[in-house]
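Enquirer: Sharing a structure below in structure tokens format, with a few things to ask.
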Amino acid sequence: MSVPTPLLVIDVAGLTPRLLAVMPRLQTIAARGFSAELGTVLPAVTCSAQSTFLTGLTPAEHGIVGNGWYLRDIGEVNLWRQHNRLVGGEKVWETARRTNPGYRVANVCWWYAMGATTDVTITPRPVYHADGRKSPDAYVRPPELHDELVAKLGDFPLFTYWGPTAGMASSRWIVGAARHVLPDHDLTLVYVPHLDYDLQRFGPDDPRSFEAARELDQVLAPLLDDAARLGTTIVVLSEYGITNVDQPVHVNRMLRREGLLEVHTNASGELLDPWTSRAFAVADHQLAHVYVQDPADIPRVRALLEALPGVAEVLDAAGQARYGLDHARSGELVAVAEKNAWFTYYYWLDDAQAPDFARGVEIHKKPGYDPAELFFDPDDRFVKLRAARNLAKKKVGLRYAMDVVPLDPSCVRGSHGRLPENAADGPVLLCSDPSAARAAIAAIAATEVRDLLLQLAGLTQPAPV
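According to UniProt numbering, the residues represented by the sequence shown are 1 to 465, in order.
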């Protein structure tokens with residue numbers, strides 16, 4: 001049994017060759033080893049791409065058709081679930097263990113971490129109190145590691161991981177946690193989300209986005225130094241690139257106006273009724289899964305989607321198969337946005353009837369992705385004062401609603417999910433080991449990452465079981 005070469009695999013969300021130009025520490029990795037254009041999957045979103053990197057399978061095979069989907073058997077839309085059993089296929093470390101049973105793996109914030117067969121798991125997991133409060137925390141396994149990390153780094157800064165205050169503190173904590181576990185593992189997976197924030201807020205061409213890249217490069221430096229000192233091979237990759245957008249597409253509002261989407265109303269406002277809706281969409285950045293109850297409605301729904309401004313392509317089952325997206329979890333139709341467009345989840349026609357969670361950071365309650373959660377409502381001049389008052393209520397144990405998110409999506413300036421049109425705006429892979437470079441091939445497919453990691457570890461892939 002060979003001794004594997006230790007690997008550090010850092011997923012830097014949103015990293016592109018364009019941003020790499022202002023990140024000298026990451027550039028040194030490619031200078032020592034190599035860089036390559038990295039193919040992605042449709043949809044080019046976190047959960048789908050990461051699952052492909054780790055299994056070598058397409059979304060049609062591993063089943064992660066987006067960051068969320070409609071569960072037909074229970075009639076609910078679920079986004080950002082965390083259980084690893086949702087991901088089909090053998091993960092790269094499970095393959096490694098078939099030849100090296102003692103292969104040790106740490107997962108620091110890659111998605112679908114809970115219940116995975118890794119030795120260490122660190123993933124954001126808030127405390128949901130019985131009185132409705134939400135407190136920052138992380139799920140950590142083994143349990144004793146939780147207290148070690150809190151003693152060393154403080155509580156996981158949940159409210160800088162996502163929301164209007166999302167910023168560098170969360171990525172800095174993640175890097176600190178990765179440094180803590182790196183020496184003891186053969187494979188350390190690290191997900192660093194920081195570029196996701198300002199690129200969606202301001203777009204990739206804004207100076208603030210380049211400044212975020214420069215700052216992240218500095219934050220990553222100690223982890224890169226640790227890996228070099230330990231003789232660990234470094235791989236840095238991204239799932240997608242973020243491009244400029246200026247056109248929100250209200251797909252569910254269109255379906256409602258056409259009498260296909262239904263809502264029911266209670267004291268919290270209008271709520272999507274997936275049980276009675278003939279068609280509705282689960283919006284996920286630049287892709288939307290459209291679920292159609294009656295097959296007889298599919299031609300009409302397809303025609304409506306194709307006529308909707310901002311929609312570039314509508315995929316039926318055959319179209320989904322061309323992109324490796326034909327899975328039972330997918331919608332009967334999948335809409336792909338134009339390059340400058342993205343899909344909102346909004347289904348209400350009057351903001352006065354919007355559900356109460358629409359103005360909050362509620363990633364599990366909203367039946368679709370909402371990038372407006374990255375903003376304080378710019379039309380509310382007292383919004384930060386109200387946020388501070390709500391935090392004061394929280395500290396004394398009072399109930400509160402952090403209703404600070406805008407309902408006008410025009411503030412969003414960056415998105416992703418489409419396949420990239422040029423390499424400068426697409427994902428990239430950097431590696432510190434020059435021996436794995438393939439001079440004749442300019443790009444690596446997302447489905448090839450798993451085998452590349454096994455190669456870098458010096459492990460031969462066993463025959464399929």
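Virtual Cβ for every residue (Gly too), placed ideally from N, Cα, C.
Let me know if Leu71 comes out buried or exposed under the rule of 16 or more other beta-carbons within 10 Å of its beta-carbon.
Expert: Here residue 71 refers to the residue found at position 71 of the sequence shown. Under this definition Leu71 is an exposed residue.
Enquirer: Specify the secondary structure class of Tyr369 as computed by DSSP and reduced to three states.
Expert: Your numbering for residue 369 matches position 369 in the sequence shown. The answer is coil: DSSP assigns Tyr369 none of H, G, I, E or B.
Enquirer: So what's Glu215 in DSSP terms, helix, strand or just coil?
Expert: The sequence position of residue 215 within the sequence shown is 215, counting from 1. Reduced to three states, the DSSP call for Glu215 is helix.
Enquirer: Under a three-way DSSP split, which group does His264 fall into?
Expert: As a working mapping, residue 264 is identified with position 264 in the sequence shown. In this structure, His264 counts as strand in the three-state DSSP scheme.
Enquirer: Report, in whole angstroms, the separation of the C-beta atoms of Asp11 and Val192, which I expect to be a contact under 8 Å.
Expert: Looking up residue 11 in the sequence shown gives position 11. Looking up residue 192 in the sequence shown gives position 192. Contact flag correct, Cβ pair sits at about 7 Å.
Enquirer: Can you give me the C-alpha to C-alpha distance between Val465 and Arg179, rounded to a whole angstrom?
Expert: Taking the first residue of the sequence shown as position 1, residue 465 is located at position 465. Taking the first residue of the sequence shown as position 1, residue 179 is located at position 179. Residue confidence is low: Val465 scores 49 on pLDDT, short of 50, so the model does not pin down where it sits. Its coordinate-derived value is still stated next. About 35 Å.
Enquirer: Thinking just about the alpha-carbon of each residue, which of Cys109, Ser415, Leu189 is nearest to the one in Thr344?
Expert: Looking up residue 344 in the sequence shown gives position 344. Closest by alpha carbon: Ser415.
Enquirer: Is DSSP giving Gly414 helix, strand or coil here?
Expert: Start at 1 with the first residue of the sequence shown, and residue 414 comes out as number 414. The answer is strand: DSSP assigns Gly414 an E or B state.
Enquirer: Drop a sphere of 10 angstroms on the beta-carbon of Lys152, count the other beta-carbons inside from all chains shown, and report buried for 16 or more, exposed for fewer.
Expert: If you number the sequence shown from 1, residue 152 lands on position 152. With fewer than 16 other Cβ atoms within 10 Å, it is exposed.
Enquirer: Considering only residues of the same chain and omitting the five flanking positions on each side of Val251, which have a CB-CB separation below 6 Å?
Expert: For the purposes of this step, residue 251 is identified with residue 251 of the sequence shown, where counting begins at 1. So the qualifying residues of the chain are Ala281, Ala288, Phe343.
Enquirer: With burial defined as no fewer than 16 other Cβ atoms inside 10 Å of the residue's Cβ, what is the status of Leu79: buried or exposed?
Expert: The residue you call residue 79 lines up with position 79 of the sequence shown. When all chains shown are included, Leu79 counts as buried.
Enquirer: If I measure Cβ to Cβ from Pro183 and keep anything under 7 Å in the same chain, skipping five residues before and after, which residues do I get?
Expert: Within the sequence shown, the letter at position 183 stands for residue 183. Same-chain partners within the cutoff: Leu230.
Enquirer: Name the residue from Gly360, Val412, Gly33 whose alpha carbon lies nearest to the alpha carbon of Asn244.
Expert: In the sequence shown, the residue the question calls residue 244 occupies position 244. Taking only the C-alpha atoms, the option nearest Asn244 is Val412.
Enquirer: What does DSSP give as the partner residues of Tyr291 in its beta bridges?
Expert: Working through the sequence shown from its first residue, we reach residue 291 at position 291. Looking at the DSSP assignment, Tyr291 forms a beta bridge with Phe280.
Enquirer: Should Gln353 go down as buried or exposed, given a rule of 16 or more other Cβ atoms within 10 Å for buried?
Expert: One-based indexing of the sequence shown puts residue 353 at position 353. Looking at its Cβ environment, which holds fewer than 16 other Cβ atoms inside 10 Å, Gln353 is exposed.
Enquirer: Secondary structure at Phe375, three-state DSSP: helix, strand or coil?
Expert: For this step, residue 375 is matched to residue 375 along the sequence shown. In the structure shown, Phe375 sits in coil (DSSP, three-state: anything other than H, G, I, E or B).
Enquirer: Would you identify the three-state DSSP class for Ala221, choosing helix, strand or coil?
Expert: The count along the sequence shown starts at 1 and reaches residue 221 at position 221. Ala221 falls in the helix class under three-state DSSP.
Enquirer: Is any beta-carbon of chain D found at less than 8 Å from that of Leu305?
Expert: Within the model displayed, chain D is absent; a lone protein chain is all it includes.
Enquirer: What does the Cβ neighbour count give for Ala335, buried or exposed, with the cut at 16 atoms within 10 Å?
Expert: Counting from one through the sequence shown, the residue named residue 335 turns up at place 335. Per the 10 Å Cβ criterion, buried.
Enquirer: Please name the residue or residues paired with Trp80 in a DSSP beta bridge.
Expert: Translated into positions along the sequence shown, residue 80 becomes position 80. Answer is none; Trp80 lacks a bridge partner.
Enquirer: Return the chain-ordered list of same chain residues with a C-beta closer than 7 Å to the C-beta of Met254, the five sequence neighbours on each side being excluded.
Expert: Along the sequence shown, one-based indexing puts residue 254 at 254. Closer than 7 Å at Cβ, skipping near neighbours: Leu304, Leu308.
Enquirer: Per the contact definition of three or more C-beta pairs closer than 8 Å, is the stretch 224 to 242 in contact with the stretch 266 to 274?
Expert: Counting Cβ pairs under 8 Å, fewer than three are found: no touch.
Enquirer: Taking just the CA atoms, how far does Ala328 sit from Arg322?
Expert: Looking up residue 322 in the sequence shown gives position 322. Looking up residue 328 in the sequence shown gives position 328. Roughly 15 Å separates the two Cα atoms.
Enquirer: Can you list, in chain order, the residues of its chain with a C-beta nearer than 6 Å to that of Val120? Leave out the 5 residues immediately preceding and following it.
Expert: In the sequence shown, residue 120 corresponds to position 120, counting from 1. If we look at Val120 and ignore the five residues flanking it on each side, its Cβ neighbours are Ala106, Val181.
Enquirer: Of the choices Val87, Gly68, Asp196, Ala21, whose alpha-carbon is the least far from that of His364?
Expert: Residue mapping note: residue 364 aligns to position 364 of the sequence shown, counting from 1. Of the listed residues, the one whose Cα sits closest to His364 is Gly68.
Enquirer: Do the CB positions of Val175 and Leu7 come within less than 8 Å of each other?
Expert: Numbered from 1 along the sequence shown, position 175 holds the residue referred to as residue 175. Numbered from 1 along the sequence shown, position 7 holds the residue referred to as residue 7. Result no, Cβ atoms of Val175 and Leu7 do not sit closer than 8 Å.
Enquirer: In angstroms with no decimal places, state the Cα-to-Cα distance between Arg133 and Pro124.
Expert: Your numbering for residue 133 matches position 133 in the sequence shown. Your numbering for residue 124 matches position 124 in the sequence shown. If I take the Cα positions, the gap works out to 16 Å.
Enquirer: Return the first residue and the last residue of the beta strand (DSSP E) that residue 466 is part of.
Expert: This structure gives no information on residue 466, because the portion of the chain shown stretches from 1 to 465.
Enquirer: Quick one: using the 10 Å Cβ neighbour count with 16 as the cut-off for buried, is Pro207 buried or exposed?
Expert: Counted from its first residue, the sequence shown places residue 207 at position 207. Pro207 is exposed by the Cβ-count criterion.
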